[in-house]
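Just below is one structure, and these are the notes that go with it.
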Amino acid sequence: MRCVRCGSEGARYALSFARAAFCRECYVSRFERKLRSTVLKYGMHRVMRRTLVAVSGGKDSVALLAGLKRAFGDLDLTALYIDLGIPNYSERSEEVVRRVCERLGVPLMVHELKSSEGVSIPELAVGRFRRKPCAVCGTVKRHVLNRIAVENGFDTVATGHNLDDTVEVLFELYRRGLLEEAARLRPVLLGNGANLANRVKPLFEMTDEEDLYYVDALELEHVDSWCPLVRGSRMVSRKQLVLEIESKIPGFRHTLLKAHVKRVLPLLDAAVPRVETRPCKSCGQPTTSDVCAYCRTVTGLKARAPGPGG
Ligand code: AMP
Ligand code: FES
Ligand code: ZN
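So for the sequence shown, the working numbering puts the first residue at 6; every next one is plus one.
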């Protein structure tokens, strides 16, 4: 295969949706150019004065950290790894994140759930959450990311959510008519300058494949297995389903994402009433009810958990 950019033989990164293949150097520069243009297009750079980059060790967040660092030399970046307490997986991921941050020269903060919150994800994935650990895990991660950002003076949290993640969730939200949630699925969510940090998703327009090729091209280490708790989840089957549709309708994912951003979001902005938030009575983070989802989950489960020796 020839590289579509420089014409050299031995192009190893073929993007089927773009009908193009690239050599290593051209792929890296294509990815970084695209990342830069996404960040500028959605105005992310305007809110990224001090950015906390959430890095799980997976291909997406490793690509995110490397891409931001390489494409924007002047950004003030700090990585955050949340140790969820998942046996083997969390330890292995933390080691990967430590090495990646060291190689990229980005400072790293590690937040251990068990010692700081008193519970780990496996301990929370019980009762009504037994079958959906990812739901409780998502609530905990959102809370912790925001709290650490606010407490440490970061204005923005960047996550590695990419196009495939967004399309998978959109698929589900549209299917169930959850429009308020669909209205929040966007590349930039502004905070309130007080207890809610801005959130940005610089990989919003990148596919799983593009992120994977980038870390491969830069020879960056990453964790290439799913979290063990996610096995058998609907999310995995939905992602596979979206890829099957894409194989029959090339461009399906890009069209859906573009339609959402350009056509649906402006209508939702006008139609969906803005929800007022107030500080959670327990932790002070913004919520729509008296006590936030995180406090209800964590405090409720901690209360029911058997005490020492129980
Ligand atoms: P996930 O919720 O696993 O789909 O991950 C989405 C994004 O959340 C990742 O790309 C990261 O930016 C962030 N993230 C997930 N898990 C962690 C973690 N353990 N520590 C820090 N950030 C995380
Ligand atoms: Fe959240 Fe596995 S990383 S359930
Ligand atoms: Zn709370």
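Glycine included, each C-beta is placed from N, C-alpha and C at the ideal position.
Boundaries of the beta strand (DSSP E) in which residue i is found, first to last residue
{"i": "residue 18", "result": "18-20"}
{"i": "residue 317", "result": "As displayed, the chain neither begins before 6 nor continues past 315, which places residue 317 out of reach and without an answer."}
{"i": "residue 275", "result": "Premise fails: residue 275 lies in the alpha helix (DSSP H), 270-276, not in any beta strand (DSSP E)."}
{"i": "residue 254", "result": "Residue 254 -> no beta strand (DSSP E), and no H or E assigned at all."}
{"i": "residue 321", "result": "As displayed, the chain neither begins before 6 nor continues past 315, which places residue 321 out of reach and without an answer."}
{"i": "residue 161", "result": "161-163"}
Under 8 Å between C-beta atoms of residue i and residue j
{"i": "residue 83", "j": "residue 114", "result": "yes"}
{"i": "residue 91", "j": "residue 234", "result": "yes"}
{"i": "residue 9", "j": "residue 219", "result": "no"}
{"i": "residue 57", "j": "residue 188", "result": "no"}
{"i": "residue 98", "j": "residue 61", "result": "yes"}
{"i": "residue 1", "j": "residue 124", "result": "Limits of the chain in this structure are 6 at one end and 315 at the other, which puts residue 1 out of reach."}
{"i": "residue 116", "j": "residue 149", "result": "yes"}
{"i": "residue 258", "j": "residue 212", "result": "yes"}
{"i": "residue 76", "j": "residue 163", "result": "no"}
{"i": "residue 165", "j": "residue 55", "result": "no"}
{"i": "residue 223", "j": "residue 105", "result": "no"}
Nonlocal neighbours in the same chain, by C-beta distance under 7 Å from residue i, ignoring five residues either side
{"i": "residue 314", "result": "With a pLDDT of only 40 at residue 314, under 50, the local geometry of the prediction cannot be trusted, and no value is derived from it."}
{"i": "residue 216", "result": "64, 65, 68, 167 and 208"}
{"i": "residue 36", "result": "72, 215 and 219"}
{"i": "residue 293", "result": "280 and 282"}
Residue span of the alpha helix (DSSP H) that contains residue i, given as start and end
{"i": "residue 118", "result": "118-122"}
{"i": "residue 181", "result": "168-181"}
{"i": "residue 66", "result": "64-76"}
{"i": "residue 187", "result": "184-188"}
{"i": "residue 143", "result": "138-156"}
{"i": "residue 220", "result": "213-222"}
{"i": "residue 129", "result": "126-129"}
Contacting residues, own chain, Cβ-Cβ under 6 Å from residue i (five flanking each side not counted)
{"i": "residue 6", "result": "16 and 26"}
{"i": "residue 28", "result": "8, 13 and 16"}
{"i": "residue 112", "result": "83"}
{"i": "residue 297", "result": "285 and 290"}
Where residue i falls, given that 16 or more other Cβ within 10 Å makes a residue buried
{"i": "residue 204", "result": "buried"}
{"i": "residue 95", "result": "buried"}
{"i": "residue 146", "result": "buried"}
{"i": "residue 312", "result": "Its pLDDT being 47, under 50, residue 312 is placed unreliably by the model, and the measurement read from it follows with that caveat. The residue in question, residue 312, is exposed, as its Cβ has fewer than 16 Cβ neighbours within 10 Å."}
{"i": "residue 11", "result": "exposed"}
{"i": "residue 152", "result": "buried"}
{"i": "residue 210", "result": "buried"}
{"i": "residue 195", "result": "exposed"}
{"i": "residue 228", "result": "buried"}
Test: residue i CB closer than 8 Å to a CB of chain D
{"i": "residue 55", "result": "This model lacks chain D altogether, as it is built from one protein chain only."}
Beta-carbon contacts of residue i that lie in its chain and below 8 Å, excluding the five residues immediately before and after
{"i": "residue 47", "result": "192, 193, 205 and 209"}
{"i": "residue 251", "result": "22, 257 and 258"}
Which parts of the region 19-49 are runs of the beta strand (DSSP E), unbroken and 3 residues or longer, counting only runs that do not cross its ends?
25-27
What alpha helix (DSSP H) runs, 4 residues minimum, are completely inside the region 81-111?
94-109
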